[in-house]
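Report on one structure; see the data block that follows.
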Amino acid sequence: MEFAQINGFRIAYQTAGKSPVPVVFVHGSWASHTNWETVFSRFAESFRVVSYDRRGHSDSERPPGQGSISEDAEDLAALISYLDIVPAWVVANSFGSCIALRLAVANPHLLRGVVVHEPPLMGLLSEVEDPDTRVVMEGARSSIMDVAARIESGDHAGAAEYFVENVALGPGSWRKLPQVIRDVFVTNAPTFLDEIRDPEALNADLAGLGTFARPVLLTEGSESPKMFGLIVSQLADALPNVTTMLYTGAGHLPHLTHPDDYVTTVTTFIQEHESRA
1 MEFAQINGFR IAYQTAGKSP VPVVFVHGSW ASHTNWETVF SRFAESFRVV SYDRRGHSDS
61 ERPPGQGSIS EDAEDLAALI SYLDIVPAWV VANSFGSCIA LRLAVANPHL LRGVVVHEPP
121 LMGLLSEVED PDTRVVMEGA RSSIMDVAAR IESGDHAGAA EYFVENVALG PGSWRKLPQV
181 IRDVFVTNAP TFLDEIRDPE ALNADLAGLG TFARPVLLTE GSESPKMFGL IVSQLADALP
241 NVTTMLYTGA GHLPHLTHPD DYVTTVTTFI QEHESRA
C-alpha cells in the first residue's frame, strides 16, 4: 500500500495496470480495499486501477469527531486529482455507491462515468406512501438501530455479523464470507456508527443526478433485500444516461460471489463507452 495526504489525513491506496483508462474502486461500509482483491488484478489487465481505504477504515487515518459523506466524496475527488487521473471511472459498491453518486453531482468533471451497485439510499424511500415499501423501510431502520446498539456496547463482532445477516446479505451469509473480510468488518465497525449518525449519508440529490450526463451503470442482485431494488428504481428514473442490470443469483456483493460475471459486465460497459469517446 502507498499513502497520500488527502484533505489533511493519511489515506492508503494501491494502483495497478498500465492502461490510459483509470478506474477507481470505492468500497462500502465496514470494508476496505481488500473487498476488491478478488477482481482487482483482473481489472488491471484492462485498466489502470486504484483501490483505497476510505477515511476511518483499516490502513487509512480515522479522524476524531463526527464524519460525513461529504468528506468521503471530497476525499475521492482529491485522490483522483492527486493521482493525476482526471477524468476517471468510479466503480463502487453499497455505501461506496452513495459516495460515487454524490461525487457525480458535486464534481462531474472528474468523472468519465460511474458504475454503482445497490447504494443504500434509504432516504429516497422515506416519503413513499406504498404500504409494502413502508414495511421494508421500517424493518431496515429497526435492524440498523440494532446494529448501532451492538457497536455502542462494544460488541463489534456481533454487530458486524448482525448487519450482514439482517441488513445487507441475508441469513447464513456471515459464515460464507472469507475470514479476511469478516476481520475487516469487525475492525471497521466504529466507522459504520459514524456513518449512520450523519443525516445526509443515506440521501441523494435526485435533481442534481438528473444533470449528470455521463454514463452510469446501475446494478442490483436478484437475491438482495427488496429495499435495494426500490432504491435502484428511483435512481434509474432520475439519471439521464443510465443502464440498469440485474446480477442473477447474486446479492449485495457480486464482485465477491460472482466475480466472473462482475468483471465481464463492468469491463464491457466501460470499454463500450470508451470506444465511443
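Counting in the UniProt record's numbering, the sequence shown runs from 1 upward without gaps.
Ideal Cβ placement from N, Cα and C applies to all residues, glycine included.
Source: prediction; values computed, not measured.
Straight-line gap, Ala4 to Val90 (C-alpha atoms, nearest Å): Against the sequence shown, residue 4 aligns to sequence position 4. Against the sequence shown, residue 90 aligns to sequence position 90. Using only the alpha carbons, I get a separation of about 19 Å.
Whole-angstrom C-beta distance between Ile181 and Asn35, which should lie under 8 Å: Here the question's residue 35 lines up with position 35 in the sequence shown. Here the question's residue 181 lines up with position 181 in the sequence shown. Yes, Asn35 and Ile181 are in contact; Cβ-Cβ is about 7 Å, under 8 Å.
Element boundaries [alpha helix (DSSP H), containing Glu220]: Here the question's residue 220 lines up with position 220 in the sequence shown. Here Glu220 belongs to no alpha helix (DSSP H); instead the beta strand (DSSP E) covers 216 to 221.
Completely contained alpha helix (DSSP H) runs for the region 2 to 85, where each covers 4 or more residues: 37 to 44, 69 to 82
Heavy atom of the ligand COA within 7 Å of Glu195 beta-carbon: As far as ligands go, the structure on display features none, and thus does not contain the ligand COA.
Arg54 burial status per 10 Å Cβ neighbour count (16 or more: buried): Walking along the sequence shown from the start, residue 54 turns up at place 54. By the neighbour-count rule (16 or more Cβ atoms within 10 Å), Arg54 is buried.
Beta carbon proximity, Ala157 to chain B, threshold 8 Å: In the structure shown, chain B does not exist; there is a single protein chain.
Gly123 to Leu202 span [Cα, whole Å]: If you number the sequence shown from 1, residue 123 lands on position 123. If you number the sequence shown from 1, residue 202 lands on position 202. If you take the alpha carbons of Gly123 and Leu202, they lie about 5 Å apart.
Check whether Ala204 and Ala160 have beta carbons under 8 Å apart: The residue labelled residue 204 in the question sits at position 204 within the sequence shown. The residue labelled residue 160 in the question sits at position 160 within the sequence shown. Against a cut-off of 8 Å, the Cβ pair of Ala160 and Ala204 comes out as no contact.
Every unbroken alpha helix (DSSP H) inside the region 244 to 270 [4 residues or more]: 254 to 257
Start-to-end residues for the alpha helix (DSSP H) that takes in Val116: Here residue 116 corresponds to residue number 116 of the sequence shown, with the count starting at 1. Premise fails: Val116 lies in the beta strand (DSSP E), 111 to 117, not in any alpha helix (DSSP H).
Anticipated Cβ contact below 8 Å, Ser60 with Arg10, distance rounded: Within the sequence shown, numbered from 1, the residue matching residue 60 stands at position 60. Within the sequence shown, numbered from 1, the residue matching residue 10 stands at position 10. Confirmed, Cβ separation roughly 6 Å.
Val147, enclosing alpha helix (DSSP H) - first and last residue: Within the sequence shown, the letter at position 147 stands for residue 147. Counting along the chain, the alpha helix (DSSP H) containing Val147 begins and ends at 131 to 152.
Best match in Gly139, Gln14, Asp84, Val23 for proximity to Val263 [C-alpha to C-alpha]: In the sequence shown, counting from the first residue as 1, residue 263 sits at position 263. Per the Cα distances, Val23.
Classification of Ala104 by the beta-carbon crowding that lies within 10 angstroms, buried from 16 upward: Stepping through the sequence shown from its first residue, residue 104 is reached at position 104. Flag for Ala104 reads buried.
Own chain, CB closer than 6 Å to Gln234, minus 5 neighbours either side, in chain order: If you number the sequence shown from 1, residue 234 lands on position 234. Excluding sequence neighbours, Gln234 sits near Leu124.
DSSP three-state assignment for Ala207, whether helix, strand or coil: Position 207 of the sequence shown, counted from the start, is the residue given in the question as residue 207. DSSP places Ala207 in helix when its eight states are reduced to three.
Burial state of Glu45 (16 or more Cβ within 10 Å): For the purposes of this step, residue 45 is taken as residue 45 along the sequence shown, with counting starting at 1. So Glu45 counts as exposed.
Residue of Thr265, Met245, Val49, Leu253 minimising C-alpha distance to Ser19: Taking the sequence shown and counting its residues from 1, one reaches residue 19 at position 19. Ranking the options by Cα distance to Ser19, first place goes to Val49.
Ser29 beta carbon less than 8 Å from that of Ser126: As a position in the sequence shown, residue 126 is number 126, starting the count at 1. As a position in the sequence shown, residue 29 is number 29, starting the count at 1. Contact flag unset, no.
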